[in-house]
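Protein chains: 2
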Amino acid sequence: MAVSVPKQAESETTTDRRPSLHERILKDVEGRILSGEWPPGHRIPFEHELTLQYGCSRMTVNKALTDLVKRGLIERRRKSGSYVMYPHTRSAVLEIRDIKSEVEALGLDYGYECLMRTQRKATVSDRLILELRSTDEVLAILARHSAGGQPFCLEERLINLSAVPEAAAESFATSAPGPWLIGRVPWSAAEHKIRAVVADKHTAGLLGLGLGAACLIIERRTRNNGRYVTHVKLTYSGDRHELVAEFAPTRS
Amino acid sequence: MAVSVPKQAESETTTDRRPSLHERILKDVEGRILSGEWPPGHRIPFEHELTLQYGCSRMTVNKALTDLVKRGLIERRRKSGSYVMYPHTRSAVLEIRDIKSEVEALGLDYGYECLMRTQRKATVSDRLILELRSTDEVLAILARHSAGGQPFCLEERLINLSAVPEAAAESFATSAPGPWLIGRVPWSAAEHKIRAVVADKHTAGLLGLGLGAACLIIERRTRNNGRYVTHVKLTYSGDRHELVAEFAPTRS
DNA sequence: CAGTGGTCTAGACCACAGT
DNA sequence: CTGTGGTCTAGACCACTGC
Chain A
4 MAVSVPKQAE SETTTDRRPS LHERILKDVE GRILSGEWPP GHRIPFEHEL TLQYGCSRMT
64 VNKALTDLVK RGLIERRRKS GSYVMYPHTR SAVLEIRDIK SEVEALGLDY GYECLMRTQR
124 KATVSDRLIL ELRSTDEVLA ILARHSAGGQ PFCLEERLIN LSAVPEAAAE SFATSAPGPW
184 LIGRVPWSAA EHKIRAVVAD KHTAGLLGLG LGAACLIIER RTRNNGRYVT HVKLTYSGDR
244 HELVAEFAPT RS
Chain B
4 MAVSVPKQAE SETTTDRRPS LHERILKDVE GRILSGEWPP GHRIPFEHEL TLQYGCSRMT
64 VNKALTDLVK RGLIERRRKS GSYVMYPHTR SAVLEIRDIK SEVEALGLDY GYECLMRTQR
124 KATVSDRLIL ELRSTDEVLA ILARHSAGGQ PFCLEERLIN LSAVPEAAAE SFATSAPGPW
184 LIGRVPWSAA EHKIRAVVAD KHTAGLLGLG LGAACLIIER RTRNNGRYVT HVKLTYSGDR
244 HELVAEFAPT RS
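Written as structure tokens, this is what we have:
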């Protein structure tokens, strides 16, 4: 019969045990890396050494170090040890939010209106964008989001009706397709393209901009189960809107 | 004395054991979620049930499910169970690459030239941007990156010399400060702002653009050890450059 | 060959939230 | 009170790799 083992083996800093042990180990090592004490290329202690330092089992140490690998801070090689990674590619987490919450976060009233809604057989352009067969049908929507009574963002959306047939029954007259799709369709991957353009006459008119104004364009194509579900092109007034991205030391 | 336990307890799909067991469990559950078989709100099997299904210990199941929590796919509540998350905020991983590799990835020759380099006591503007004291010194650099002989991107950089005193000895005449900093200064966090503007006369001249061209601006402020290390403003020609972001189901 | 990490086990105790 | 997840242990076997 197995013996009940005392929980804490104690090293020295025995106070606050709110954070779990593997979390504390992770933070300790992370701290030494970020402070520069352990520079890129430095070999961090072996698992069995940390095991002794923290008075815990190898699984616990392993969990912390495995997490650090996922965060891209260290790299581990068998027989050799664990090394602080050289920062090579940096990634930023760009949070693509729901437009309504985006507007409300600015403390403004949100408005939505559907300017156009067409159901059609996929055109050549549609087929290129969503990788469709010519027999597929799509729903094309042009809508405008507003903030505080002013035009905020133009949405040009294409929905693959073969992937989301229920969308055909929705009018999207008073609520945007984005949130509807999010609540209904499981997502697995998406690609984003971000670029700047000068507003053309049509866009400028719909967004209430002067001719020649700069616009920020975000295009997103969402994939699930091996096919593209939807494509959306969002056009923002360039000087009224700013994308903010937080940094993340993600693995790459 | 502990008994050596047979490694595999086998359920049914016993073939390929290249992927580890916890990885297989993770993929299985992930697959059911992404396929829509387990929709948002669905309660996935308890750990002890999966333990039986896969014929493994609870730790192995727990590892898989803990990973799914970190990926934002499920949520776990004690006494209640584990539930498929409703997708609320979606995040995209925006990869901010080194400009040189960016250019070379396009198959073009990369060029760099330093247009201005000033070392000075922090101005009011500098102090606001990097949160400095008035006694701090900064290095200000204006540089141009080119691709295939054409101007590609303008870099306006500010380096906090209190954080990186070694930078004062660098001329940055023939190599960009970005890669130099990356190899030298540990990073912990950064903020990005992305927006579109119309090129002013000066910028248009330096980038070889027509008046009124749209530009994509990326500003990045890098933090380490509680202070800002550097700030950089990159100005790209809007229609020649496109930011690409991959999707990531990161926790939020 | 020997040492490292990768993975797994069969238990255990605890915190917490429903009932 | 009971059942769930959160964490941890003291082992174990294996794959890989540098010597």
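Heads up: the protein sequence lines correspond to chains A and B, in order. For what it's worth, the numbering used here labels the leading residue of the first sequence as 4, then goes sequentially. For what it's worth, the numbering used here labels the leading residue of the second sequence as 4, then goes sequentially. Even glycine gets a Cβ: it sits at the ideal position worked out from N, Cα and C.
Residue 28 of chain B and residue 67 of chain B have their C-alpha atoms spaced approximately 6 Å apart. Each of B:127, B:82, B:52 and B:149 was checked against the Cα of residue 237 of chain B, and the nearest Cα belongs to B:149. Classified as buried, residue 94 of chain A has 16 or more neighbouring CB atoms from the shown chains inside 10 Å of its CB. Counting along the chain, residue 243 of chain A sits inside no alpha helix (DSSP H), nor does DSSP assign it H or E at all. Per the C-alpha coordinates, the member of B:201, B:151, B:223 and B:168 positioned closest to residue 213 of chain A is B:201. Residues of chain B whose Cβ lies closer than 9 Å to the Cβ of residue 190 of chain A are, in chain order, 37, 90, 93, 250 and 252.
Straight through space, the alpha carbons of residue 109 of chain A and residue 151 of chain B are spaced by roughly 42 Å.
Between the alpha carbons of residue 220 of chain A and residue 224 of chain B lies a distance of about 23 Å.
For the segment 42 to 74 of chain B, the full-length alpha helix (DSSP H) segments reaching 4 residues or more read 50 to 57 and 61 to 73 along the chain.
Residue 61 of chain B sits away from residue 69 of chain B, with the two beta carbons spaced by 7 Å or more.
The DSSP assignment places complete alpha helix (DSSP H) segments of no fewer than 4 residues inside the segment 148 to 225 of chain A at 180 to 187 and 204 to 210, in order along the chain. At least 7 Å separates the beta-carbon of residue 245 of chain A from that of residue 103 of chain B. In the three-state reduction of the DSSP assignment, residue 124 of chain A falls in the strand class. Just measuring C-alpha positions, the residue of B:145, B:40 and B:129 sitting nearest residue 138 of chain B is B:129. Under the DSSP assignment, residue 229 of chain B falls outside any beta strand (DSSP E); it carries neither an H nor an E label. About 5 Å separates the beta carbons of residue 192 of chain B and residue 250 of chain A, which is inside the 8 Å limit, making them a contact pair. A direct Cα-Cα distance of roughly 6 Å separates residue 86 of chain A from residue 79 of chain A.
Against residue 218 of chain B, the close residues of chain A are 199 and 217, in the order they occur along the chain (beta-carbon pairs closer than 8 Å). Nearest Cα to residue 25 of chain B within the set B:45, B:217 and B:56: B:56.
Assignment of residue 236 of chain B by DSSP, reduced to helix, strand and coil, places it in the strand class. Using a CB distance cut-off of 7 Å, residue 247 of chain B counts as an interface residue toward chain A. With a threshold of 16 other beta carbon atoms within 10 Å, residue 177 of chain B falls short and is exposed.
Counting along the chain, the unbroken beta strand (DSSP E) around residue 78 of chain B starts and ends at 77 to 80. Identification of residues in the segment 50 to 79 of chain B having a C-beta nearer than 7 Å to some C-beta of chain A yields an empty set.
Here residue 34 of chain A carries a helix assignment [DSSP, helix/strand/coil]. About 5 Å separates the Cβ atoms of residue 160 of chain B and residue 180 of chain B, confirming a contact at the 8 Å cut-off.
Boundaries of the beta strand (DSSP E) around residue 98 of chain A: 93 to 99.
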